[in-house]
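Protein sequence lines, in the order shown, are assigned to chains B and D.
So the number in this note's numbering is just where the residue sits in the first sequence, counting from 1, plus 56.
So the number in this note's numbering is just where the residue sits in the second sequence, counting from 1, plus 126.
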Amino acid sequence: MMDILKRNLEEIGKKDRALAERISNFNGECVELAPAKTGALTFRFQGRLFHSAYDPAKEAQAQAKEIISRKPDFVLLFGLGCGHLAAALIQNGVKNVLAYEPSIEILKGVLTRADLSTLLQVVELFDDIARFISRVRDIDAFENILCYSTDPYKGAFPREVVDFLNRVNNAHITSKVCVQTDIESREVWVDNYFDNIDQMVGCPPVDVLSGRFKGMPIIIAGAGPSLKKNAHLLKEVKGKAVIMAAITAYKPLLSYGVIPDFIIAAEKVDLPEYFTYDECDLKTRLILGEVAHPGMFGREVKEKFVFFNPSHALSTEHAKYWGSDYFPAVGGSVTTAALDIAVKMGGGPIIFVGQDLCFGENETHVPGGVYVSQDIKIDRDKGVVSIEEDYVTLKERAKSSHKLQWIKGLDGRPVPSKFDWVTFHQWFEDYMADLNKKGGPRVLNATEGGAYIEGMEHVTLKDAINTYINTVFSVDELVASAVAERTEPDTEGLAKSLESMQKGLKEMRKTADSILREIELVKRSVSGSTASPDALKAVGRIKRLEDKLFREAEASPFIWETLTAATCELKTYLKSSEDKAEAVLEEELKATSSSYEKVSEMCGRYAQVAFRAAGRLRGASGKASPKLAAQ
Amino acid sequence: MVPHVYLDGIMLDFEDRGNGSTIGELIEAVENDLTGARRFVMELWVDGERLPEWRGSTVLKRPLAVYNDFKLKTASMEEIALEGLDLLQEYIRVTRENIPVCVSDLRIGGARADASFSAIFDGLVEIVKTMDALARGGEKYSMDLFKENPAIFYNAILRCLEGMRQAREGGDTVMLADLLEYELLPFVEEMEERLFHFNA
Chain B
57 MMDILKRNLE EIGKKDRALA ERISNFNGEC VELAPAKTGA LTFRFQGRLF HSAYDPAKEA
117 QAQAKEIISR KPDFVLLFGL GCGHLAAALI QNGVKNVLAY EPSIEILKGV LTRADLSTLL
177 QVVELFDDIA RFISRVRDID AFENILCYST DPYKGAFPRE VVDFLNRVNN AHITSKVCVQ
237 TDIESREVWV DNYFDNIDQM VGCPPVDVLS GRFKGMPIII AGAGPSLKKN AHLLKEVKGK
297 AVIMAAITAY KPLLSYGVIP DFIIAAEKVD LPEYFTYDEC DLKTRLILGE VAHPGMFGRE
357 VKEKFVFFNP SHALSTEHAK YWGSDYFPAV GGSVTTAALD IAVKMGGGPI IFVGQDLCFG
417 ENETHVPGGV YVSQDIKIDR DKGVVSIEED YVTLKERAKS SHKLQWIKGL DGRPVPSKFD
477 WVTFHQWFED YMADLNKKGG PRVLNATEGG AYIEGMEHVT LKDAINTYIN TVFSVDELVA
537 SAVAERTEPD TEGLAKSLES MQKGLKEMRK TADSILREIE LVKRSVSGST ASPDALKAVG
597 RIKRLEDKLF REAEASPFIW ETLTAATCEL KTYLKSSEDK AEAVLEEELK ATSSSYEKVS
657 EMCGRYAQVA FRAAGRLRGA SGKASPKLAA Q
Chain D
127 MVPHVYLDGI MLDFEDRGNG STIGELIEAV ENDLTGARRF VMELWVDGER LPEWRGSTVL
187 KRPLAVYNDF KLKTASMEEI ALEGLDLLQE YIRVTRENIP VCVSDLRIGG ARADASFSAI
247 FDGLVEIVKT MDALARGGEK YSMDLFKENP AIFYNAILRC LEGMRQAREG GDTVMLADLL
307 EYELLPFVEE MEERLFHFNA
């Protein structure tokens, strides 16, 4: 039996050493396996039989047949059991099987008696739901995911199954939303970056604040509905804590007499309505994402800082020229970025307020911001939430509806939420798990309503203030000394990089045009699904040109980001054509041709954009830096 | 007015003295006369309308005097027994067919598992009731309706019903599916064989 366990653990350890160790170190009582009539193994847990006592393999085949009839790309099993179902799925050609086993008693019991070492080479095994969900998030949003749990697991772990399904659903929706966001935003982000280049010369990277606030409390204010319950307390902490607000929370905080030290914003669209255009703006600072709308870089505030996103190719390529090597972990909202930046600044504790991540009684945000009035209707039966709101800049009431999602609330009961908040919530929990593991600073959630965030300590703001906020310090002085030590950006290096990109993009355009000409040749010599020898030769040339194009793109990887929408369109097409018995060659050529037309167009366009940006940069390098201007 | 009474199309000379007789008394009187001929009343038509639930007390208590005519149709003991056997075989067939459907639903967590299990459970109860009625009737009228005495299966069926009830109440769907697939189904098939398949 020890040999069987050893073999299993060796196999598990190849992919997840920590899991192998957890299983190995478990000394509790394990389930006892017994042979079924066929000799295959089964067991009882909590009085229930988990596999047939007669023929577990036949039972698993029936389950596998049912699963396969739904044509999943990924099967996510809640419960590995003795592995019969996972084995049946693999036998029947399912390539991607992920199994989450909620019980270590079952897992160790099974691995002690059943040799699953061969199965575990192909099945991904998890015992930690957070890691499992993290893996689910890596699954391409275009893949079909099917969650499956056998009845005994549903009976023995009813709450865990519901939580599993909710979290998988939320994770996959997150992936889909991210793809949608990419489709809608990538090109705009690239455009914004190029537009912001000359303005960013005057904005120190947020790296300069690194470690400048060691052990000092940093309060991150979101604009959740509960902010109205405790925002008034923030006035008394001014000068004893750094207050960093999401842009949406800026005006609401002002209504409580609180001017935040920093406002963080990264929206791709301009948000002029969030500012006051008076002395309040001039007393605060902006921390802006490099791809924020250029209008945000034009706002008059005390100081502006910029942060670079790790997921933007231009940013990772150029950060060194900007004097930055720090890419904050970003979970889709500015408060997620704020958390990582606060950690980088050395803050401790970091205290959240207004981070509800769910609907309030009849609002999405705290009053005092950009929503004049809101009307929220939650239809639990249909699982839909409808929002009607008066937005300051709109003449008519805006209407929207969203799929209702649920997350755990502060009191343990589910609270109504929607996809974006759920995404941020998941990110916070993952981030906190990692931060706590690393022994990071204490993070308190002093949001007095809304979601419970695993890994944070949940307290009232009053208690947090009484316990942690008592020393006066000058944010202005600390920021000023940080900025004074800033390294000037290497504008010449940046300009050269942009000029090199321009050349590369021009080459790419030529190659894409050559591919298009070859596709035309293929099109002419194709009839139905039959290709002539000339067409086959042209296909060979296309492959070589594609290799060349991909090599050329290595110098300007950002170009793929501008093509996200076209790439997703092609992926969707290819996915749909998988089901067709015979792929129609002409249709495939049309789709490929359309993609390369887009590549050619984008390369041509961004070659010019890069060239102009380089020119502006050379012009801007003569301007005074903020450090000099401040002097 | 005296109601007319017809038995298998022939009008009976029937007198309702004092107008106080009930339908039940009429049937009893007729069946007493038929017993020797091993026949029973099977259908009752009142004023041209067939009463499907006429064996129920509400019908049997009604006075005869308020109706114009009664038509009674009879069947022989052998005809009734054959009809009962047909019914029993139909119950067994349907139950046998329901078992794999229910097993499949239980194995894959199908939504119809509860409904198909109820049909099996109710089917088994009806099988036992019908077998018992036929066995008693057969004994009373000296007819060999079954190859083997059905009473030998009662205990096994009851044990099976109890086992399934316990598995269901304990939420043990795997055990329930096992009982259905590997115990009840072969048992029902064997019972059918032993009850009905006479060697030529």
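We put the CB at the ideal spot given by N, CA and C, even for glycine.
Residue i touches chain D at which residues, Cβ-Cβ below 8 angstroms?
i, result
"B:L105", "D298, V300, M301, D304"
"B:P91", "The premise fails here: B:P91 is roughly 14 angstroms from chain D at the closest Cβ pair, so nothing lies under 8 angstroms."
How is residue i classed by DSSP in three states: helix, strand or coil?
i, result
"B:E452", "coil"
"B:V422", "coil"
"B:D435", "strand"
"B:F21", "Not covered by the structure: residue 21 of chain B. The range shown for chain B is 57 to 687."
"B:C138", "coil"
"B:R242", "helix"
"B:R341", "strand"
"D:D139", "coil"
"B:A669", "helix"
"B:T230", "helix"
"D:G263", "helix"
"B:N501", "strand"
"B:I551", "Strictly speaking, residue 551 of chain B in this sequence is Ala, with Ile absent from that position. It is helical."
"D:T256", "helix"
"B:P112", "helix"
"B:E445", "strand"
"B:A155", "strand"
"B:S650", "helix"
"B:A637", "Confidence at B:A637 is low in this model, with a pLDDT of 48, below 50, so the placement of that residue should be treated as unreliable; the coordinate-derived value is given next. The answer is coil: DSSP assigns B:A637 none of H, G, I, E or B."
"B:W462", "strand"
"B:Q664", "helix"
"B:L684", "At B:L684 the pLDDT is 34, less than 50, meaning the model places this residue with poor confidence and gives no usable figure here."
"B:V131", "strand"
"D:R165", "strand"
"D:K199", "strand"
"D:A237", "coil"
Can you give the beta carbon distance from residue i to residue j, rounded, assuming they're within the 8 angstroms contact cut?
i, j, result
"B:I670", "B:L561", "Correcting the residue type first, residue 670 of chain B is Ala in the shown sequence and not Ile. No, B:A670 and B:L561 are not in contact; Cβ-Cβ is about 12 angstroms, not under 8 angstroms."
"B:G278", "B:Q411", "4 angstroms"
"B:I276", "B:Q482", "That pair is no contact at about 18 angstroms."
"B:I162", "B:V87", "5 angstroms"
"D:L198", "D:Y132", "7 angstroms"
Closest to residue i by CA distance: which of the options is it?
i, options, result
"B:P423", "B:E617, B:K307, B:D251", "B:K307"
"B:M256", "B:T94, B:L344, B:A305, B:I189", "B:L344"
"B:I615", "B:V578, B:L342, B:D519, B:M564", "B:M564"
"B:K358", "B:L338, B:E157, B:Y377, B:S371", "B:L338"
"B:W462", "B:D251, B:V441, B:V235", "B:V441"
"B:S282", "B:T516, B:N526, B:E555, B:T547", "B:T516"
"B:S429", "B:L413, B:F408, B:F383, B:R453", "B:R453"
"D:E331", "D:Y308, D:L190, D:I218, D:L133", "The structure shown does not extend to residue 331 of chain D, since chain D is modelled only from 127 to 326, so the question has no answer here."
"D:D231", "B:V298, B:E444, B:K127, B:D207", "B:D207"
"D:A282", "D:F243, D:D304, D:L310, D:G297", "D:L310"
"B:F250", "B:K455, B:Q147, B:A348, B:D603", "B:A348"
"B:H458", "B:E510, B:G465, B:G439, B:T449", "B:G439"
"B:P260", "B:Q102, B:P545, B:I68", "B:P545"
"B:K290", "B:V224, B:E625, B:N522, B:V131", "First, the amino acid is wrong: residue 290 of chain B is Leu here, not Lys. If we check each option's Cα against that of B:L290, B:N522 comes out closest."
So with CB distances below 7 angstroms, who are the chain B contacts of residue i?
i, result
"D:I83", "An answer regarding residue 83 of chain D cannot be provided, because it is not within the stretch 127 to 326 covered by chain D."
"D:Y308", "Y110"
Which residues in chain B have a C-beta closer than 9 angstroms to the C-beta of residue i? List them in chain order.
i, result
"D:S230", "A118, E122"
In chain D, which residues lie with their C-beta within 7 angstroms of the C-beta of residue i?
i, result
"B:G211", "G297"
Applying a beta-carbon distance threshold of less than 9 angstroms, which residues of chain D neighbour residue i?
i, result
"B:T206", "R233, I234, G235, T299, V300"
Could you name the residues of the region 141–160 of chain B whose beta carbon sits closer than 8 angstroms to any beta carbon of chain D, in the order they occur along the chain?
-> none
Which residues, in chain order, does the region 109–135 of chain B contribute to contact with chain D at a C-beta distance below 7 angstroms?
-> A109, Y110, E115, A118, Q119, E122
Near-chain B residues of the region 242–254 of chain D (beta-carbon distance less than 7 angstroms), N- to C-terminal order = none
With 7 angstroms as the limit, tell me which residues of the region 266–290 of chain D have their beta carbon closer than that to any beta carbon of chain B; keep them in chain order.
-> none
When you check each C-beta in the region 169–193 of chain D against every C-beta of chain B, which residues fall closer than 7 angstroms?
-> none
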